[in-house]
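Single-structure report; data block below.
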Amino acid sequence: MIIDPLSLKLFVAIVEEGTIAAAAEREHIAASAVSKRISDLEDTLDTQLLKRTNKGVVPTMAGVALLNLARGVLHDLHDIFLKIQDYSSGVRGRVRLWANISAINQFLPNELKSFLKEHPQVQVRLEGNISEKTMKAVAEGAADVGVITMDSCREDLEYIPYHSDRLILITPKDHPLAHSKSVSFRDTLDFDYVGLPVGSALNNRIVRAANELGRVPKLRIHVNGFDALCLMVEAGLGIGIVPRGAAKPYFKGLRIRPIELCEPWAIRELKLCIRSFDALPTAAKLLVDHLRKGE
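In structure tokens, the structure reads:
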């Protein structure tokens, strides 16, 4: 049994207006079409819903019962429309955001805070991952938006400028390099390194830069985040290369020293990556627009 919402709407209009002609005028539909829909509705429900009189129409007892039910149904349908419209306008929704740890440590906390303040009913699911896996997740639809470091890119994605950061060297305060104002990467390769996970953009950059010099970096230990990397450096387990913004909170609390790294690749460009901006859900579009402004 199928009851058409439009037929219910016309039925309510007839009862409220008192005539089929007035209901037809109110709903901008031909009177004959209205009459046909009500007849079909009565056939479907196998009961008379309206009594025709010289003054118009009045509902039967079944019609009165249907009137109350129909108003409830139409109200619920309207509520569904409004709630789904919230999603289309970005008021509600969920965004799957994957980002590298550089973005998570330096930029995303404040930017997500301001975004969620503007859009409190949008849920952002943030997952930290290396740039290569993030691009793969976006391309395969497992993530809506990614934040990556542009050492390499996929041709099937769109890229939007996000932020730039500067890599620096950090050492224990009693390290031989600790009193240098700046160093070249070559000067660091005789020392043990604390690195990020294998496959991370920064780890790959260190290995590639060393290989270009005919060297292999002494990656003594790998950790999952910049906080752990700074702690390992303070403990004397090696030196490390980190974004200045990510390490800055630890300069005062830990016995580590920041040193300028004199290399062209020490300045990195971070990008937002998406499959297609036009194809994004509205909430994801709003997030991308917010992040690209760096607010």
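Under the working numbering, think of the first position of the sequence shown as 174, with each following residue one higher. Virtual Cβ for every residue (Gly too), placed ideally from N, Cα, C.
Would you identify the three-state DSSP class for residue i, choosing helix, strand or coil?
| i | result |
| --- | --- |
| Arg-430 | strand |
| Lys-309 | helix |
| Ile-253 | helix |
| Ala-272 | strand |
| Arg-465 | helix |
| Lys-209 | helix |
| Lys-182 | helix |
| Lys-421 | helix |
| Leu-223 | strand |
| Arg-229 | In the sequence as presented, Arg is not what sits at residue 229; that position holds Gly. Strand at Gly-229. |
| Tyr-440 | According to the sequence shown, residue 440 is Ile rather than Tyr. If DSSP states are grouped into helix, strand and coil, Ile-440 belongs with the strands. |
| His-201 | coil |
| Cys-326 | coil |
| Thr-192 | coil |
| Leu-214 | helix |
Quick check: the Cα distance between residue i and residue j, rounded to an integer number of angstroms?
| i | j | result |
| --- | --- | --- |
| Lys-182 | Ala-243 | 7 angstroms |
| Pro-345 | Leu-402 | 12 angstroms |
| Arg-225 | Val-246 | 25 angstroms |
| Ile-202 | Ala-194 | 9 angstroms |
| Gly-411 | Pro-390 | 11 angstroms |
| Gly-372 | Ala-316 | 19 angstroms |
| Gln-322 | Asn-302 | With the sequence shown as reference, residue 322 is identified as Thr, and Gln is not the correct amino acid for it. Approximately 11 angstroms, taken between the alpha carbons. |
| Ala-197 | Pro-178 | 16 angstroms |
| Asp-462 | Ala-456 | 10 angstroms |
What are the residues that DSSP puts in a beta bridge with residue i?
| i | result |
| --- | --- |
| Leu-340 | Pro-416 |
| Lys-286 | For Lys-286, which the question treats as bridged, DSSP gives no partner whatsoever. |
| Cys-446 | Gly-319 and Tyr-332 |
| Glu-300 | Trp-271 |
| Gly-266 | Val-295 |
For residue i, I'd like the list of residues in its chain whose CB is within less than 8 angstroms of its CB, leaving aside the five on either flank, ordered along the chain.
| i | result |
| --- | --- |
| Glu-331 | Cys-446, Ile-447, Arg-448, Ser-449 and Phe-450 |
| Glu-200 | Lys-182, Leu-183, Ala-186 and Val-207 |
Would residue i count as contacting chain D if we go by Cβ distances under 9 angstroms?
| i | result |
| --- | --- |
| Leu-404 | Going by chain labels, chain D is absent from the structure shown, which holds only one protein chain. |
Beta-carbon within less than 7 angstroms of residue i's beta-carbon, same chain only, minus the 5 sequence neighbours each way: which residues are those?
| i | result |
| --- | --- |
| Gly-398 | Ile-274 |
| Glu-215 | Gln-221 and Leu-222 |
| Ala-276 | Val-320 and Leu-443 |
Starting from the C-beta of residue i, find all residues in its chain whose C-beta is less than 6 angstroms away, skip the five residues before and the five after it, and write them out in chain order.
| i | result |
| --- | --- |
| Arg-430 | Thr-344, Lys-346 and Ala-351 |
| Arg-428 | Lys-346 and Glu-407 |
Inset, instruction - Run through the stretch 346-401 for me and flag every whole beta strand (DSSP E) of 3 or more residues, listed as ranges in chain order. - result: Whole beta strand (DSSP E) segments, 3+ residues: 365-368 and 391-395.
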